[in-house]
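Residue numbers (the working numbering), protein chains in the order written: chain Y, 1 to 231; chain D, 232 to 482.
Data first, discussion second: the structure below is written as structure tokens.
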Amino acid sequence: MNQIEVENLAVKKGDASILKGIEFSAKQGEFVAIVGGSGSGKTTFLQALAGFIPFSGKVIMPENKGMIFQQYAAFPWLTVRENIMFGLDKHAPEQREKIVAEHIRLSRLEGKENDYPGQLSGGQIQRVALARSLAHDPEVLLMDEPYGALDAYTRDQMQEWLMDVWTKYKKTIIFVTHNIEEAIFMADRVLVLKEGKFTEEFKIEFKRPRKEEIKFMEEFNRMKKEIYRAI
Amino acid sequence: MKKILRFILPIFIVALVWGFISRASIVNPFLFPPPSKVFLAFLEMIRSGVLFSDMKDSLWRLLIGLLLGSVLGIVIGLITGRVKKISSFIVPIIQVLRPLPPVAIIPLVIVWFGIGDGAKIFSIAFGVIFPVWLNTHIGAQQIPEAFLWTAKLLTKSTIKTFRKVILPAATPFIVAGIRTAIAVSFVMIFVSELAGASSGLGYRISIAQLSYRLDEMIAALFVLGALGALVDMLFVYSTKKIFPWLKLENK
């Protein structure tokens with residue numbers, strides 16, 4: 001049974017059609033990557049899924065979802081601890097503390113609890129943002145090029161870490177990126193978005209848990225070339 | 232030590248040049264008394280107790296007016312910056328009042344409130360509200376959507392979103408607005424004490440003018456200027472302490 005269902009989704013900004021009749025579905029626990037060139041509508045698709053912008057068509061999404069942005073990922077005026085605690089009002093204080101402690105450990109942010117995002121590296125800020133979302137226990141995570149601004153080494157580390165987190169929590173992830181290698185390394189499926197429509201879909205069959213080494217395999221490079229051509 | 236020296240040295244040089252001009256009678260020393268005479272007048276004002284009582288009266292009027300005007304400016308600015316329906320009603324009213332030079336309302340305020348403290352506090356708050364409102368309004372409008380969207384996903388409470396997201400996100404703008412307002416509040420306290428007051432630094436300056444005590448007048452002007460600088464410095468220092476993340480963001 002699909003957890004996300006999208007039928008004939010269209011988004012207009014002024015006179016421009018950004019998304020044109022999108023069909024999409026995802027199963028619970030699936031990791032779907034969406035790639036495409038600049039202006040293809042990747043970010044708009046996530047914003048429509050999240051319900052942030054007006055659209056036409058049908059979107060069935062779980063109520064409880066999280067979204068991670070490339071910029072303004074964490075609230076700069078809150079410490080790491082306060083950021084993670086932001087969405088936990090419904091929990092009792094002791095339980096809140098427990099959840100925060102668990103996510104600080106999971107995000108490898110021990111010792112940084114009282115630091116502000118301005119004191120952290122780009123990778124650490126992204127981990128705070130993900131920890132804050134996960135602490136809220138969403139059913140679906142929408143990630144909008146979260147690692148787009150990171151250097152190559154940090155990006156690789158973050159990909160492996162996200163894989164660990166995803167294996168542990170099995171949340172459905174819709175991951176938008178312009179980096180094909182990143183998409184193949186992490187996703188079950190890679191969708192190509194072109195001029196407001198999904199034009200191709202690639203199933204990624206590499207066994208899990210995936211390690212950095214698969215990026216040097218012939219099959220990986222062949223797939224990279226194919227997706228590159230499709231974009 | 233170097234910092235203090237860098238601050239004091241230009242003042243010292245100005246005082247030296249000023250003393251020279253006055254003593255060499257390049258200008259009439261009666262109209263331009265030397266720094267030594269101004270300093271003596273300053274000491275006399277301390278000794279007689281008028282300086283501290285004037286400072287106290289001016290400062291508390293100023294701080295209450297500044298506080299009232301700032302709080303109102305922030306609250307209205309946050310609302311007009313974020314709630315379109317209310318904004319379309321309130322902004323035109325503010326835009327008509329805003330270009331008024333704040334000192335122009337003083338005659339009207341005297342008629343309304345008399346010459347008591349209420350009139351002065353009202354005048355200061357009136358001068359303060361507009362720069363704080365404008366900065367807060369712009370700050371609230373320019374909050375990155377990512378912050379608001381994140382808040383929307385994590386909380387259903389509008390009050391929490393205003394308190395924990397919109398207010399802090401607009402804080403750099405609010406701080407800038409209040410710094411402008413501090414300067415405006417000193418103009419307002421001075422002008423409102425010139426007309427219809429029996430205490431305060433503005434009153435002291437006007438009395439000194441009537442009795443041709445230019446030394447006392449200049450001393451009181453210096454005190455007013457120094458107070459302005461001190462309040463601004465204290466404000467900057469306390470914002471750095473209260474909002475340590477602001478400095479990090481600017482980096």
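Think of the CB as a built atom: it goes at the ideal place given N, C-alpha and C, for glycine as much as any other residue.
Specify, as a first and last residue, the run of the alpha helix (DSSP H) that residue i falls within.
{"i": "ALA33/Y", "result": "Careful: ALA33/Y lies outside any alpha helix (DSSP H), inside the beta strand (DSSP E) at 31-35."}
{"i": "MET286/D", "result": "281-313"}
{"i": "PHE238/D", "result": "233-254"}
{"i": "PHE344/D", "result": "337-344"}
{"i": "LYS224/Y", "result": "218-230"}
{"i": "LYS351/D", "result": "348-372"}
{"i": "VAL100/Y", "result": "93-106"}
{"i": "LEU385/D", "result": "376-385"}
Which chain A residues sit within Cβ distance under 9 Å of residue i?
{"i": "MET67/Y", "result": "This model lacks chain A altogether; the protein chains it does include are Y and D."}
Per DSSP, what kind of secondary structure is residue i in: helix, strand or coil?
{"i": "LEU331/D", "result": "coil"}
{"i": "ARG189/Y", "result": "strand"}
{"i": "LEU142/Y", "result": "strand"}
{"i": "THR44/Y", "result": "helix"}
{"i": "MET85/Y", "result": "helix"}
{"i": "LYS482/D", "result": "With a pLDDT of 48 at LYS482/D, under the threshold of 50, the predicted position of this residue should be treated as unreliable, and no value is reported."}
{"i": "PHE175/Y", "result": "strand"}
{"i": "LYS215/Y", "result": "helix"}
{"i": "LYS395/D", "result": "helix"}
{"i": "ILE409/D", "result": "helix"}
{"i": "GLY66/Y", "result": "strand"}
{"i": "LYS194/Y", "result": "strand"}
{"i": "GLU239/Y", "result": "Missing from the structure shown is residue 239/Y; chain Y here goes from 1 to 231 and no further."}
{"i": "LYS90/Y", "result": "coil"}
{"i": "ARG278/D", "result": "helix"}
{"i": "ALA73/Y", "result": "coil"}
{"i": "PRO403/D", "result": "helix"}
{"i": "ILE321/D", "result": "helix"}
{"i": "ILE390/D", "result": "helix"}
{"i": "VAL80/Y", "result": "helix"}
{"i": "GLY123/Y", "result": "helix"}
{"i": "ILE257/D", "result": "coil"}
{"i": "LEU271/D", "result": "helix"}
{"i": "PRO265/D", "result": "coil"}
{"i": "ILE184/Y", "result": "helix"}
In the DSSP assignment, find the beta strand (DSSP E) that holds residue i and state where it starts and stops.
{"i": "ASN8/Y", "result": "2-13"}
{"i": "GLY118/Y", "result": "Careful: GLY118/Y lies outside any beta strand (DSSP E) and carries neither H nor E."}
{"i": "LEU19/Y", "result": "16-27"}
{"i": "ILE60/Y", "result": "56-60"}
{"i": "GLU201/Y", "result": "197-203"}
So, under 8 Å CB-CB, residue i and residue j are touching, yes? Tell me the CB distance rounded to an integer number of Å.
{"i": "THR367/D", "j": "MET67/Y", "result": "About 27 Å; that fails the 8 Å criterion."}
{"i": "VAL59/Y", "j": "ALA48/Y", "result": "7 Å"}
{"i": "PRO138/Y", "j": "ASN64/Y", "result": "5 Å"}
{"i": "GLU182/Y", "j": "GLN159/Y", "result": "6 Å"}
{"i": "GLY358/D", "j": "VAL269/D", "result": "So it is not a contact: roughly 28 Å between Cβ atoms."}
{"i": "ILE154/Y", "j": "ALA33/Y", "result": "Checking the sequence, you will find Thr at residue 154/Y rather than Ile. That belief does not hold up - the Cβ atoms of THR154/Y and ALA33/Y are roughly 19 Å apart, past 8 Å."}
{"i": "ASP89/Y", "j": "THR386/D", "result": "7 Å"}
{"i": "ALA428/D", "j": "ILE355/D", "result": "Their Cβ separation, rounded to whole angstroms, is 13 Å, which puts ALA428/D and ILE355/D out of contact at 8 Å."}
{"i": "PHE86/Y", "j": "ARG127/Y", "result": "In fact, because the Cβ distance is near 15 Å, the residues do not count as touching under 8 Å."}
{"i": "ILE184/Y", "j": "MET223/Y", "result": "5 Å"}
{"i": "PHE361/D", "j": "ARG329/D", "result": "5 Å"}
{"i": "MET186/Y", "j": "LEU162/Y", "result": "7 Å"}
{"i": "VAL100/Y", "j": "ILE4/Y", "result": "Incorrect: roughly 28 Å between the Cβ atoms, too far for contact."}
{"i": "GLY408/D", "j": "VAL363/D", "result": "4 Å"}
{"i": "LEU19/Y", "j": "GLY41/Y", "result": "5 Å"}
{"i": "LEU299/D", "j": "ILE352/D", "result": "7 Å"}
Does any heavy atom of the ligand NAD sit closer than 7 Å to the C-beta of residue i?
{"i": "SER319/D", "result": "Looking for the ligand NAD in the displayed structure turns up nothing, as the structure carries no ligands at all."}
Taking three-plus beta-carbon pairs below 8 Å as touching, is the stretch 413-433 of chain D in contact with the stretch 386-401 of chain D?
no
Can you find at least 3 beta carbon pairs, one from the stretch 257-276 of chain D and one from the stretch 441-453 of chain D, that sit closer than 8 Å?
Taking one beta carbon from each stretch, the stretch 257-276 of chain D and the stretch 441-453 of chain D have 3 or more pairs nearer than 8 Å; the two touch.
Please give the ranges of any alpha helix (DSSP H) in the stretch 127-171 of chain Y, keeping only runs that are unbroken, at least 4 residues long and fully inside the region.
152-169
Answer yes if the stretch 294-312 of chain D comes into contact with the stretch 359-374 of chain D, meaning at least three C-beta pairs across the two stretches below 8 Å, and no otherwise.
They touch, by the three-pair rule.
Note down, one range per segment and in chain order, each alpha helix (DSSP H) of at least 4 residues found wholly within the stretch 417-476 of chain D.
Segments of the alpha helix (DSSP H) lying fully in the stretch 417-476 of chain D: 432-441 and 445-473.
If contact is defined by three or more beta carbon pairs under 8 Å, each pair taking one atom from either stretch, is the stretch 104-114 of chain Y in contact with the stretch 78-85 of chain Y?
yes
Would you call the stretch 196-207 of chain Y and the stretch 168-178 of chain Y in contact, with 3 or more CB pairs under 8 Å?
Because the criterion of three Cβ pairs below 8 Å is not met, the stretch 196-207 of chain Y and the stretch 168-178 of chain Y do not touch.
Would the stretch 288-299 of chain D count as touching the stretch 405-424 of chain D if we require 3 or more Cβ pairs under 8 Å?
yes
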